[in-house]
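2 protein chains.
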Amino acid sequence: MRPLEISKREEEYLEAMYILHKNKGVIRVKDIAKMMKVKPPSVVDALKKLAEKGLVEYEKYDRILLTEEGKRIAEETYSKHLLLTRFFTDILGIPPEIAEHDACQFEHYVSKITVERIREFAQFIQEECPYVLKQFLKGKLEEKGKE
Amino acid sequence: MRPLEISKREEEYLEAMYILHKNKGVIRVKDIAKMMKVKPPSVVDALKKLAEKGLVEYEKYDRILLTEEGKRIAEETYSKHLLLTRFFTDILGIPPEIAEHDACQFEHYVSKITVERIREFAQFIQEECPYVLKQFLKGKLEEKGKE
DNA sequence: AAACATTTTTTGGGTAGCCTAATCAGGTGA
DNA sequence: TCACCTGATTAGGCTACCCAAAAAATGTTT
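Protein chains in written order, with this note's numbering: chain A, 13 to 159; chain B, 13 to 159.
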């Protein structure tokens, strides 16, 4: 079995399904469509392709599940998402909505090395010199009310 | 101002043309193709669309130029590119090729706020506590040829 | 169970972006 | 001048991703 190609968009679908499963237990076409900001027919298209690639268990009108491999990819992507979002909010002081938006795109492109380095950097700053961070963030976080 | 929509890919074409113009003075289809890693016909397609949107001056077999608006967009994108690349290399200690790769994607998605905040953060760290940075980067910059 | 409501799927079609192969334009050397 | 070479363009076609409208299945209510 050769290395299957997965597009950025498919990665997003997997991530959406993963989050739905985690939060609601059930994965429905309607909800995927809402999260992905597309219409249901587009979701069905995506599901068929992902099923062919062995990333999703899908039979029409039946329940939708991620396979082990699909789940692995989704988790990997989602963990990048969380890390990037935290970095943007906690280190750079970006408002949550913007941080979310930026992370949501970058997570699909960022290299492993950069992810790891961001993790190390955030940890280093927060543990070794939290006061430096506090000083930088002063006046930045409260633009949205309170800290 | 028309409500023209510009795709990420078109932004990349503009940026490539901007860099070619800056470095070689002339913008040729062949060189754009090489930079964009596509074949010449794809470049011609892109040029036609960009010309329709008023971002490029293009008449077939004639010289290619960015319009003022095209140049403005390209410069804006390119400045994000430079900033992100510098951030990845100088603050996070990412190897140049990886930094380039990551910046090259993120530049098309990153919000203005995040760009500005990254600029401020880099400046803050480098000016106010360069020793902290030095400490973090110790041992990271020389790890070349690893994956 | 029948009627209605909701969800999912199919059908048919559209756009963006890329390609190969063939053709066209312009410069250059015999 | 003409034959050749390179670069640019057109023609035709492909895949990914999206949509609206209609049809099919499922869920719900009475």
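We put the beta carbon where it would ideally sit given N, CA and C, even for glycine.
Query raised in the report: Which first and last residues belong to the alpha helix (DSSP H) in which Cys-116 (chain A) is found?
Result: Residues 108-118.
Query raised in the report: In angstroms, rounded to a whole number, what distance separates the CA positions of Ile-125 (chain A) and Ile-106 (chain B)?
Result: Using only the alpha carbons, I get a separation of about 7 Å.
**Report entry** Closer than 9 Å at the beta carbon, the chain A residues around Val-144 (chain B)
**Finding:** Under the 9 Å cutoff, chain A gives Phe-136, Ile-137, Glu-140, Cys-141, Val-144.
Query - Bridge-paired residues (DSSP) for Leu-78 (chain B) - result: DSSP lists B:Val-68 as the bridge partner or partners of Leu-78 (chain B).
Query raised in the report: For Val-50 (chain A), which of helix, strand or coil comes out of DSSP?
Result: Correct three-state label for Val-50 (chain A): coil.
Requested in this report: Go ahead and label Gln-117 (chain A) buried or exposed: buried means 16 or more other beta carbons lie within 10 angstroms of its beta carbon, across all protein chains shown.
Outcome: Flag for Gln-117 (chain A) reads buried.
Query raised in the report: Within 8 Å (strictly less), CB to CB, does Thr-126 (chain B) reach chain A?
Result: So yes, Thr-126 (chain B) belongs to the interface.
Query raised in the report: Using the beta-carbon count (16 or more within 10 Å), is Val-38 (chain B) buried or exposed?
Result: Under this definition Val-38 (chain B) is an exposed residue.
Report task. Could you please give the first and the last residue of the uninterrupted alpha helix (DSSP H) stretch that includes Lys-20 (chain B)? Result -> 20-36 is the extent of the alpha helix (DSSP H) around Lys-20 (chain B).
**Report entry** Separation of Val-50 (chain B) from Glu-11 (chain B), as counted between CA atoms
**Finding:** Here chain B has residues from 13 to 159 only, and residue 11 (chain B) is not among them.
Requested in this report: Measure from the C-beta of Asp-114 (chain B) to each C-beta in chain A and report whether the shortest distance is under 8 Å.
Outcome: So, interface residue.
Query raised in the report: With distances taken from CA atoms, which of A:Thr-101, A:Val-122, A:His-113, A:His-93 is nearest Lys-146 (chain A)?
Result: Cα-wise, what sits closest to Lys-146 (chain A) is A:Thr-101.
Report task. Can you grab the Cα-Cα spacing for the pair Val-55 (chain B) / Glu-119 (chain B), in whole Å? Result -> Their backbone Cα atoms lie some 21 Å apart in a straight line.
Query raised in the report: How about Gly-82 (chain B) and Leu-32 (chain B): do their beta carbons lie closer than 8 Å?
Result: Cβ atoms of Gly-82 (chain B) and Leu-32 (chain B): not closer than 8 Å.
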